[in-house]
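Numbered by numbering that gives the first Met the number 0, the letters in the sequence shown go through residues 0 to 401 in order. Below is one structure, written out as structure tokens, with a few remarks after it.
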Amino acid sequence: MKITDAKVIVTCPGRNFVTLKILTDQGLHGIGDATLNGREKAVVAYLEDHVIPLLIGRDAHRVEDIWQFLYRGAYWRRGPVTMSAIAAVDTALWDIKAKAAGLPLYQLLGGASRDGVLVYGHANGADIEETVDAVGRYQEMGYKAVRAQSGVPGVKGAYGVGMGGLYYEPADSALPMETVWSTPAYLDHAPRLFERLRANYGPEIELLHDVHHRLTPIEAARLGKSLEPYRLFWMEDCTPAENQEAFRIVRQHTTTPLAVGEIFNSIHDCRTLIEEQLIDFIRTTVVHAGGITHLRQIAGLAALYQVRTGAHGATDLSPACMGAALHFDLWVPNFGIQEYMRHSEETDAVFPHAYSFADGYLHPGETAGHGVDIDETLAAKYPYDPKQLPVARLTDGSMWNW
Ligand code: GCO
Ligand code: MG
């Protein structure tokens, strides 16, 4: 089955998405997400100028060989742009292979290991009371796990606090919005939020929290310790992970489970974290970590050390990524949880999909392939709208990690 054509589709049904569509001489096509939030056009150029010309005429069934060709053959390995482009090709090819087999993708990976994929939603509010109410709304919708974030008194634009509603969207201005960060205020506030949540909702609901790289290792250790009484499912991105060894300090001090990985793009970004059992959940995604082919390697390494998966699933990953992730999640033996932030109705209409939510679980559906397609006519109605993620500064004006 020969690849005859491939094209990149950029659309903005409320937010920007980049999608690669691969076509074959057998009439089958597949799609893959290539969205890199705030840096979308870099991946578009990488795909159009450097990848698509290499694909034409290749055998679409040779998924592994094409992955190796794009990874080794580029000479310049890794990085979010390269790995998102490779992921898009890989996802589209797995989609095609599963369609050719007439099977949902999870069957090709090894079949279902569970009945459904446990997901967590995003509850946020300007203050603790608003977040408590938001958690309640997620519970009413059936969620068994909820990530909770709240505004911090005296901190303008604390991470994770949306403009309201379900569709929290951080990339909201053409040039980065500047927010202010105060670690002392946050460290004082965060345990109060979880104390209230446990008092309100009891021990059963799974609670998660995203620190979004804001703390130093010893500060992260202190936060983990102070959250122990509230039994979090995980504390996410508690400190930047370029230096994987930094997590030794956090780990020495707390039993709060640790999750990392949404900005990783290679198995080498998490090798020490996994091999030294410094984390409990690896959050790499289909789109930013080289597709199903590479994610499978990362999950295989993690399984050796009882580290479970917890794929990133924010709204800036398209439904094509979500669909592929759900097939992966249904199969992967060491599955932990899947983030599910819910896309807007406009986005759902542009990307018709087979996955569905019921009772706190998502299921990828039984459609052949990964079950997500793109309506190109509708996509064309939403032109690209440049948006960037915010930046953060400390109260004295120093640049910090957003
Ligand atoms: C999450 C993430 C998002 C990111 C966003 C950046 O855990 O869902 O941290 O909120 O900020 O995906 O593009
Ligand atoms: Mg996160």
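The C-beta atom is built at its ideal place from N, Cα and C for all residues, glycine as well. Owing to the predicted nature of the structure, the values given are computational and were not obtained by experimental measurement.
According to DSSP, residues forming a beta bridge with residue i
i, result
"residue 405", "The question about residue 405 has no answer, for the chain in this structure spans 0 to 401."
"residue 124", "149"
"residue 112", "Paired residues: none, contrary to the question."
"residue 103", "368"
"residue 399", "391"
"residue 307", "280"
"residue 355", "362"
"residue 2", "23"
"residue 234", "208 and 257"
"residue 17", "9"
"residue 178", "391"
"residue 334", "308"
"residue 32", "18"
"residue 144", "119 and 205"
"residue 268", "DSSP, once it has assigned bridges, lists no residue as partnering residue 268."
"residue 58", "1"
Local Cβ density within 10 Å of residue i, reported as buried at 16 or more and exposed below that
i, result
"residue 109", "exposed"
"residue 242", "exposed"
"residue 20", "buried"
"residue 86", "buried"
"residue 149", "buried"
"residue 217", "exposed"
"residue 29", "buried"
"residue 98", "buried"
"residue 119", "buried"
"residue 235", "buried"
"residue 267", "exposed"
"residue 44", "exposed"
"residue 402", "A question about residue 402 goes unanswered here, because the residues of the chain that appear run from 0 up to 401."
"residue 330", "buried"
"residue 303", "exposed"
"residue 393", "exposed"
"residue 114", "exposed"
"residue 74", "exposed"
"residue 347", "exposed"
"residue 141", "exposed"
"residue 25", "exposed"
"residue 395", "exposed"
"residue 307", "buried"
"residue 340", "buried"
"residue 128", "exposed"
"residue 318", "buried"
"residue 103", "buried"
"residue 363", "buried"
"residue 338", "buried"
"residue 397", "exposed"
"residue 39", "buried"
"residue 282", "buried"
Supposed close pair residue i, residue j - CB separation, criterion 8 Å
i, j, result
"residue 410", "residue 53", "Residue 410 lies beyond the stretch modelled for the chain, which goes from 0 to 401, so this question has no answer here."
"residue 238", "residue 212", "7 Å"
"residue 12", "residue 345", "4 Å"
"residue 219", "residue 259", "With a Cβ gap of about 11 Å, residue 219 and residue 259 do not count as contacting."
"residue 202", "residue 232", "The Cβ separation is near 12 Å, so there is no contact."
"residue 264", "residue 56", "The pair is not a contact, with the Cβ atoms about 28 Å apart (cut-off 8 Å)."
"residue 62", "residue 93", "6 Å"
"residue 153", "residue 133", "No, residue 153 and residue 133 are not in contact; Cβ-Cβ is about 21 Å, not under 8 Å."
"residue 240", "residue 206", "The pair is not a contact, with the Cβ atoms about 22 Å apart (cut-off 8 Å)."
"residue 31", "residue 91", "4 Å"
"residue 353", "residue 366", "4 Å"
Near the ligand GDP: residue i beta-carbon under 7 Å from a heavy atom
i, result
"residue 344", "Of the ligands one can find in the structure shown, namely the ligand GCO and the ligand MG, none is the ligand GDP."
Min CB distance residue i to chain B below 8 Å
i, result
"residue 321", "Checking the listed chains, one finds no chain B in this structure; it contains a single protein chain."
Tell me whether the region 208–226 and the region 183–198 touch, counting them as touching only if at least three CB pairs, one residue from each stretch, are closer than 8 Å.
yes
For the structure I just gave you, are there three or more beta carbon pairs, one from the region 62–73 and one from the region 289–304, closer than 8 Å?
yes
Would you call the region 75–86 and the region 295–314 in contact, with 3 or more CB pairs under 8 Å?
no
Just checking, does the region 381–401 make contact with the region 135–148 on the three C-beta pairs under 8 Å criterion?
no
Do three or more CB pairs link the region 192–206 to the region 169–178 at distances below 8 Å?
no
Count the C-beta pairs between the region 116–135 and the region 359–367 that are closer than 8 Å, then say yes if the count reaches three, no if not.
yes
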